[in-house]
Amino acid sequence: RGHTPAGRLPSVRVRVDDATFVNNHRTPTRDEVAAVLEQMDGWPKLATLLLAATGARVGEIASLRWGAVDLAEGWIRVVGKTGPRDIPVPRGVVDELRRVGPGPGDAPVLGKAESTVIVGLQHRFLPRACEAAGVARFTPHGLRRLASMTLADAGVDVATYAALLGHSPAVAIRRYQEVTPERRRKAAAAALLGVFSEEPKVVEFPGQRKPR
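Numbering (the numbering used here), first residue to last: 297 to 508.
As structure tokens, this is what we get:
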């Protein structure tokens, strides 16, 4: 219609994200994460370990600097959507951090640019490790959901684990609490639903071994 120069129109390359990644809302189990970590090394392993241990967003870990790491007390400070927050890390993670650092205060803990960490972990290192471990693929955000569910199952109150995740309690419950059949079963058992007698009774089934 005369709006473009005569001749062949320029070709445009459009990036198409992997649908298995974009639509992946799977939450791995702790055993699966352990198996995947066995297939990793270097900064990808440290990044995955930090994500699993803190429930932080991948961008928060990718931008982590040594000045925000307290190895003596076992804390890291991440900066996210709701501002900075302090997260405790277990001794095993502190030991891993000591193996690579500490470094200058403004140096990245993972030793890579933020974009390199985010893209590399999401689209290369984590998928490869899942495949090598024979584990169904999950994303870095799946580790965040796992951390939330683990905290909740341990009896941590909503306000505390929401503070650790950097969310309001309402958002933490709505977005990060996957109600699985196993969690429903445990909740019903813990609440003693359907048990009306005041004194608990032991019911023996045929073939059941009696405790010594």
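Where is the CB? At the ideal position from N, CA and C, for every residue including glycine.
DSSP, read as helix, strand or coil, puts Gly363 in helix. Between Cys426 and Val332, the beta carbon gap of about 6 angstroms places them in contact (Cβ cut-off 8 angstroms).
A straight line joining the alpha-carbon of Asp453 with that of Glu334 spans about 32 angstroms. DSSP, read as helix, strand or coil, puts Asp337 in coil. Classified as exposed, Ser411 has fewer than 16 neighbouring CB atoms from the shown chains inside 10 Å of its CB. Per DSSP, the continuous beta strand (DSSP E) segment holding Asp382 begins and ends at Gly379 to Pro384.
Contact between Ile372 and Thr350 holds: their C-beta atoms lie close to 7 angstroms from each other, under 8 angstroms. Annotation: the continuous alpha helix (DSSP H) that includes Arg387 extends over Arg387 to Val396. Looking at the DSSP output, Gly376 sits in a beta bridge with Gly379.
Cβ contact annotation for Gly376 (same chain, cutoff 7 angstroms, sequence separation greater than five): Arg353, Glu356 and Gly462, in chain order. The criterion of a C-beta distance shorter than 8 angstroms is satisfied by Ala348 and Ala443. With contacts defined as CB atoms closer than 8 angstroms, Trp339 and Leu406 qualify as a contacting pair.
Taking Val389 as the centre and dropping the five residues before and after it, the same chain places the C-beta of Leu345, Leu346 and Ala349 closer than 7 angstroms to its C-beta, in chain order. Cβ neighbours of Ser464 within its own chain (closer than 8 angstroms, five residues either side excluded): Ala458.
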